[in-house]
Amino acid sequence: MQRPITSFALDQEAHWTATLSCGHLQHTRHNPPISERPWVLSEEGRASRIGTERDCFRCDQFEMPDGHAPYQRTPDFNRDSVPAGLRKSHSTKVGVWALIHVVSGSLRYVVEPPVQIDSVLTPEAPGIVVPELLHHVEPLGDVEFYVEFWKSL
Ligand SMILES: [Zn+2]
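Have a look at this one:
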């Protein structure tokens, strides 16, 4: 999916890397003739690319970025206490990832179009919530679960 560039940094090998709004990094090195990005070498060139979008295949894979950690969690919910907001279409904010941990029972986890995933979460299979992707959950019988929010350290 498309994600805007929020900043640039040099990696350990002194190659320029873009950070996307989801927290994933992408190399933007100038290494002719393999990759021609002379703009990345100047402060001005980099600034002109902030906000431009790149295709993030790691988001497509539901892969949480490195350097993220949990910072907040909901109380435990059961079939009767699931907030209505979680049962209908909603999403996390820019850069906020989440894990849906099922403590017992099972929970239907639906990621809405354009992605379209319809899965069943269990204690062995937590759900990964990708920033800004619309989704909802639905208890399948008795269930106990909580949501843990993750962001960049
Ligand atoms: Zn991403």
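Just so you know, we're using the numbering used here here: the sequence shown kicks off at 70 and counts up by one.
Just so you know, even glycine gets a beta-carbon here, dropped at the ideal spot from N, CA and C.
Given a cut-off of 8 Å, decide if THR75 and ILE119 are closer than it, judged by their beta-carbon atoms.
-> As a working note, residue 119 is residue 50 in the sequence shown. As a working note, residue 75 is residue 6 in the sequence shown. A contact, by the Cβ cut-off of 8 Å.
When you get a sec, list the residues whose CB is within less than 6 Å of any heavy atom of ligand 1, chain order please.
-> For ligand 1, the selected residues are ARG72, LEU89, CYS91, HIS93, CYS125, ARG127 and CYS128.
Using beta-carbon positions only, say whether ASP145 and VAL172 come within less than 8 Å of one another.
-> On the sequence shown, position 76 is the one that residue 145 refers to. On the sequence shown, position 103 is the one that residue 172 refers to. Cβ distance < 8 Å, so ASP145 and VAL172 count as in contact.
Is the stretch 95 to 115 in contact with the stretch 176 to 194, if contact means three or more CB pairs nearer than 8 Å?
-> no
Hey, how far is the Cα of LYS162 from the Cα of THR143?
-> Within the sequence shown, numbered from 1, the residue matching residue 162 stands at position 93. Within the sequence shown, numbered from 1, the residue matching residue 143 stands at position 74. Cα to Cα, the separation comes out at about 16 Å.
Taking THR191 as the reference, which of VAL198, HIS170, LEU203 and HIS204 has the closest Cα?
-> Taking the first residue of the sequence shown as position 1, residue 191 is located at position 122. Per the Cα distances, HIS170.
Quick one: what's THR75 bridged to in DSSP?
-> Sequence index remark: in the sequence shown, residue 75 carries index 6 (1-based). Answer is none; THR75 lacks a bridge partner.
Rounded C-alpha distance that separates GLN71 from GLN95 | As a first step, residue 71 is located in the sequence shown; it is residue number 2 there, counting from the start. As a first step, residue 95 is located in the sequence shown; it is residue number 26 there, counting from the start. Distance between the alpha carbons of GLN71 and GLN95: 13 Å.
When GLY210, SER150 and ALA153 are compared against LEU174, the one with the closest alpha-carbon | Stepping through the sequence shown from its first residue, residue 174 is reached at position 105. According to the sequence shown, residue 174 is Gly rather than Leu. Ranking the options by Cα distance to GLY174, first place goes to GLY210.
Could you check the C-alpha separation between PHE218 and GLU82 for me, to the nearest Å?
-> Numbered from its first residue, the sequence shown carries residue 218 at position 149. Numbered from its first residue, the sequence shown carries residue 82 at position 13. Taking the straight line from one Cα to the other gives about 31 Å.
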